[in-house]
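Visitor: Here it is, the structure in full.
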Amino acid sequence: MSENKDFIIQIKGLQIGKHNYEFPIDGSFFRSFENSMILDADLQADVILEKGSGWMNVSADITGDVTVECDRCLDDVVLPMDFNCTMAVKFAKSLEDSDGDEFIIMDPADGELDLTQFLYDYVCLNLPLQKVHEEGECNEEMMAKLGAVNSAAQTDGEGDVADSPFAALKGLFDKKN
2 MSENKDFIIQ IKGLQIGKHN YEFPIDGSFF RSFENSMILD ADLQADVILE
52 KGSGWMNVSA DITGDVTVEC DRCLDDVVLP MDFNCTMAVK FAKSLEDSDG
102 DEFIIMDPAD GELDLTQFLY DYVCLNLPLQ KVHEEGECNE EMMAKLGAVN
152 SAAQTDGEGD VADSPFAALK GLFDKKN
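Each residue of the sequence shown is one higher than the last, beginning at 2 in this note's numbering.
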């Protein structure tokens, strides 16, 4: 991942209280990550950072669209995104100073908070398990090729069993011990 300075919040000298930030997220953001499944994006991240003495809460509302490869036909498919994610940060000099809560530990001497990985991870986690077009919207040429492969691979009992990878198993239950 290359460093992306657009998603860094300067926290050194930041007053205690709530602070609002807006981050546009486009395809170049995801291309900076190696092997990203997101091809393009038009997202808006509205971030609220609440700073206290010794802690911070970061909440992001992310809305827009991402473009990924369809799992069915391999064409691009645009998926809507609309979700909220949060992160709790605790200032401590070392892990021993933390009390075991589920916080991200940050050295108080660090002057900036980089949200790049946080935003990337949550967008990827909120992708659906199956990234496919609506029924009937897939690439017809690709679906025809897949249909030909599927129909050739399926046999109705009348096909050539010797070509089947399960040919050796066919008579397993028919044998008498």
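We put the beta carbon where it would ideally sit given N, CA and C, even for glycine.
Check whether the Cβ atoms of Glu24 and Ala46 lie closer than 7 Å to each other.
Guide: As a first step, residue 24 is located in the sequence shown; it is residue number 23 there, counting from the start. As a first step, residue 46 is located in the sequence shown; it is residue number 45 there, counting from the start. The sequence given here places Phe at residue 24; Glu does not occur at that position. Their beta carbons are under 7 Å apart, which means Phe24 touches Ala46 by this criterion.
Visitor: In the DSSP output, which residue or residues are listed as bridge partners for Leu44?
Guide: For the purposes of this step, residue 44 is taken as residue 43 along the sequence shown, with counting starting at 1. Per DSSP, Ile26 and Gly65.
Visitor: Count the other CB atoms within 10 Å of the CB of Thr117; is the residue buried (16 or more) or exposed (fewer)?
Guide: Locating residue 117 in the sequence shown gives position 116, counting from the first residue. Answer is buried; the Cβ neighbour count reaches 16.
Visitor: Please specify which runs of the alpha helix (DSSP H), each continuous and at least 4 residues long, are wholly inside the region 68 to 138, giving them in chain order.
Guide: Here the runs fully enclosed are 117 to 126.
Visitor: Determine which residues share a DSSP beta bridge with Gly18 and list them.
Guide: As a working note, residue 18 is residue 17 in the sequence shown. Answer is Lys52.
Visitor: Under the three-state reduction of DSSP, which class applies to Met57: helix, strand or coil?
Guide: Within the sequence shown, residue 57 is the residue found at index 56, counting from 1. In this structure, Met57 counts as strand in the three-state DSSP scheme.
Visitor: Can you give the Cα-Cα distance for Glu135 and Ile10, rounded to whole angstroms?
Guide: To locate residue 135, count along the sequence shown from 1; it is residue 134. To locate residue 10, count along the sequence shown from 1; it is residue 9. Distance between the alpha carbons of Glu135 and Ile10 is about 39 Å.
Visitor: Count the other C-beta atoms from every protein chain shown that fall within 10 angstroms of the C-beta of Val1, then say buried if there are 16 or more, exposed otherwise.
Guide: Residue 1 lies beyond the range of the chain shown here (2 to 178); nothing can be said about it.
Visitor: Which stretch, first to last residue, makes up the beta strand (DSSP E) that contains Ile10?
Guide: Looking up residue 10 in the sequence shown gives position 9. Ile9 to Gln11 is the extent of the beta strand (DSSP E) around Ile10.
Visitor: Pairs of beta-carbons, one from the region 66 to 82 and one from the region 101 to 112, closer than 8 Å: are there three or more?
Guide: Touching, no.
Visitor: If Val59 sits next to Met88, beta carbons under 8 Å apart, how far is it from one beta carbon to the other, in whole angstroms?
Guide: Sequence index remark: in the sequence shown, residue 59 carries index 58 (1-based). Sequence index remark: in the sequence shown, residue 88 carries index 87 (1-based). Contact flag correct, Cβ pair sits at about 4 Å.
Visitor: CB-CB under 6 Å to Gly18, same chain, minus the five flanking residues each way: which ones, in chain order?
Guide: Residue 18 sits at position 17 when you count from the first residue of the sequence shown. Result list for Gly18: empty, nothing under 6 Å.
Visitor: Taking C-beta to C-beta, are Tyr121 and Phe34 nearer than 7 Å?
Guide: Here residue 121 refers to the residue found at position 120 when the sequence shown is read from its first residue. Here residue 34 refers to the residue found at position 33 when the sequence shown is read from its first residue. Yes. Within cutoff.
Visitor: Should Ile105 be labelled buried (16 or more other beta-carbon atoms within 10 Å of its own) or exposed?
Guide: Within the sequence shown, the letter at position 104 stands for residue 105. Counting Cβ neighbours within 10 Å, Ile105 comes out exposed, since fewer than 16 surround it.
Visitor: What separation, rounded to the nearest whole angstrom, lies between the Cα atoms of Gly137 and Gln131?
Guide: For the purposes of this step, residue 137 is taken as the residue at position 136 of the sequence shown. For the purposes of this step, residue 131 is taken as the residue at position 130 of the sequence shown. Cα to Cα, Gly137 sits roughly 15 Å from Gln131.
Visitor: Out of Asp66, Arg32 and Ile26, state which residue places its alpha-carbon closest to the alpha-carbon of Pro129.
Guide: The count along the sequence shown starts at 1 and reaches residue 129 at position 128. Closest by alpha carbon: Asp66.
Visitor: Considering only their Cβ atoms, is the gap separating Phe92 from Gly53 smaller than 7 Å?
Guide: Your numbering for residue 53 matches position 52 in the sequence shown. Your numbering for residue 92 matches position 91 in the sequence shown. No, the pair does not count as a contact, with Cβ atoms beyond the cut-off.
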